[in-house]
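**Student:** Just add 1458 to the spot in the sequence shown (first one is 1) and you have this note's numbering. Beta carbons: idealized from backbone N, C-alpha and C, even for Gly. If you scroll down you'll find the structure; I have some questions about it.
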Amino acid sequence: MASGGMRQQIVELIAGLETLPTLPAVVTLLNKKLAAPGAKAADIARIIEDDPPLTSRVLRLLQSPVYAPLYNRQKTTVVGSTTQVKQRSTLQQAVVRMGINAVRDLVLTTSVLQALPGGGDDVSFDRTKFWKHSISCGLVAATLMQFMREKISNEQTEVMLAGLCHDLGKVILDQYFAEQFSDILRQAKREGRLMYEVEQELLHIEHGEVGGFLAERWELPASIRAAMSYHHRVDLLPPALSEHAPLVHVIKLADYITNHQNLGFSGNYRGLDFPRASFAELRLATTDIPEIIKRVREEAEKSEVLLALEQQ
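Okay, here's the thing in structure tokens:
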């Protein structure tokens, strides 16, 4: 099949086929509630509680080393004696302490990991190592926030979610276009190249754009869609998404560091080019690099914790 035809087939799959993984209905309900004025902590907690497995996963995230520091910024006494009341109180506390959008990000994080688990047909693409790369990218991105001379407006949970999601297009290619995906991996390995370069050459589409279509289908926040679509091509970010450029630069740089430090496996067979423009845009200093790498190595251990939580 011609590359242009394959590109169109992929676009049509993302746009309309019913076989794509879906996010829980609670995500849609949360987005609707957040879009309406006057959303209350109790309302958000109640929506999440209607999905008991999701509630359990969110509570585990809140107690994990990844999110516990954000949740425990302030101490609040848990009121109530029954498990249900305690859970509702904990979820309400999370909304109050972390904010509605941050809790929504937690719901999206665990929902994404549940929606696209396991492995595809290609044994050379280790899905566990891929998720380690993706989770690590989110943790690295959050680490970079600590060193920026000019702070970005995104919350830490949103930045971590963007890193988690940035390469989801690869999962879609692996799951639905296994033969072509195997060809891409083999050629990338044989020629020592980056996946997105080979994808563009063979399919006339790269995983960022594929991920962007998935993000639109899932109705993910515009900031996450921008990071997924343009982390390899920030220069092509359209004016309508320009407000999200700082986050895209963060994910681009985090992706570079995650690959450079060999945290998981993203399918690339050579190192990404150092994103000088992103480094400058985020007003990072070269003198910060040793400390950034030190923090990154410390944070990398948390990726294993989060991955283990989502496999339970």
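1. Quick check on I1747: buried or exposed, where buried means 16 or more other Cβ atoms within 10 Å of its Cβ?
2. Under 8 Å, do L1520 and M1606 count as touching if we go by C-beta distance?
3. Anyone know if the C-beta pair for G1722 and S1514 falls short of 8 Å?
4. Report the three-state DSSP secondary structure of Q1614 (helix, strand or coil).
5. Work out the CA separation of A1636 and A1500 for me, nearest whole Å.
6. So what does DSSP say about Y1525, is it helix, strand or coil?
7. First and last residue of the alpha helix (DSSP H) that includes F1436?
8. So for T1477, helix, strand or coil by DSSP?
9. Over the uninterrupted alpha helix (DSSP H) stretch that includes T1744, give me the two end residues.
10. Start and end of the alpha helix (DSSP H) containing A1421?
11. Contact between the region 1698-1710 and the region 1559-1575 is defined here as three or more beta-carbon pairs at a separation below 8 Å; is this criterion met?
12. Between the Cα of L1574 and those of S1592, V1561 and S1582, spot the shortest distance and give me the residue it belongs to.
13. Buried or exposed: which applies to G1609, given that a residue is buried once 16 or more other Cβ atoms fall within 10 Å of its Cβ?
14. For Q1604, does the count of other Cβ atoms within 10 angstroms reach 16, so buried, or fall short, so exposed?
15. Beta-carbon separation of L1631 and H1665 under 8 Å?
16. May I ask you to report which of helix, strand or coil DSSP gives K1533?
17. Helix, strand or coil: how does DSSP classify P1495 here?
18. With DSSP collapsed to three states, give me the class of L1711.
19. Considering only residues of the same chain and omitting the five flanking positions on each side of N1717, which have a CB-CB separation below 7 Å?
20. Report the residue ranges of all alpha helix (DSSP H) runs contained in full by the region 1612-1679; include only those spanning at least 4 residues, in chain order.
21. Out of A1497, P1479 and R1465, which one is the CA nearest neighbour of L1672?
22. I need the DSSP call for F1605, collapsed to helix, strand or coil.
23. Using the C-alpha atoms, what's the distance from I1642 back to L1660?
24. Tell me whether S1761 is buried or exposed, calling it buried when 16 or more other Cβ atoms sit within 10 Å of its Cβ.
25. Compare the C-alpha of I1472 against each of G1669, V1617, A1620 and A1599 and name the closest.
26. Could you check if L1733 is buried or exposed, using at least 16 other CB atoms within 10 Å of its CB as the buried criterion?
27. Thinking just about the alpha-carbon of each residue, which of L1626, W1676, S1736 and P1511 is nearest to the one in M1686?
**Tutor:** According to the data block:
1. exposed
2. no
3. no
4. helix
5. A direct Cα-Cα distance of roughly 44 Å separates A1500 from A1636.
6. coil
7. Past the boundaries of the shown model lies residue 1436; the chain is included only from 1459 to 1770, so the question cannot be answered.
8. Looking at T1477 - three-state DSSP - the assignment turns out to be coil, as it is neither helix nor strand.
9. Unbroken run through T1744: none, as it is neither H nor E.
10. The first residue shown for the chain is 1459 and the last is 1770, placing residue 1421 beyond what the model contains.
11. no
12. S1592
13. For the sequence presented, residue 1609 should be read as Lys rather than Gly. When all chains shown are included, K1609 counts as exposed.
14. exposed
15. yes
16. Only weak support exists for where K1533 lies, its pLDDT of 47 falling under 50; the value from the coordinates is given anyway. Coil.
17. P1495: coil per DSSP, three-state reduction.
18. helix
19. Excluding positions up to five away in sequence, the list reads S1724, N1726, G1729 and L1730.
20. Inside the region 1612-1679, DSSP marks whole alpha helix (DSSP H) runs of 4 or more residues at positions 1614-1623, 1626-1634, 1636-1649, 1653-1661 and 1665-1676, from first to last along the chain.
21. P1479
22. coil
23. 8 Å
24. buried
25. Residue G1669 is the option with its Cα nearest to I1472.
26. With the sequence shown as reference, residue 1733 is identified as Pro, and Leu is not the correct amino acid for it. The C-beta of P1733 has 16 or more other C-beta atoms within 10 Å across all chains shown, which makes the residue buried.
27. L1626
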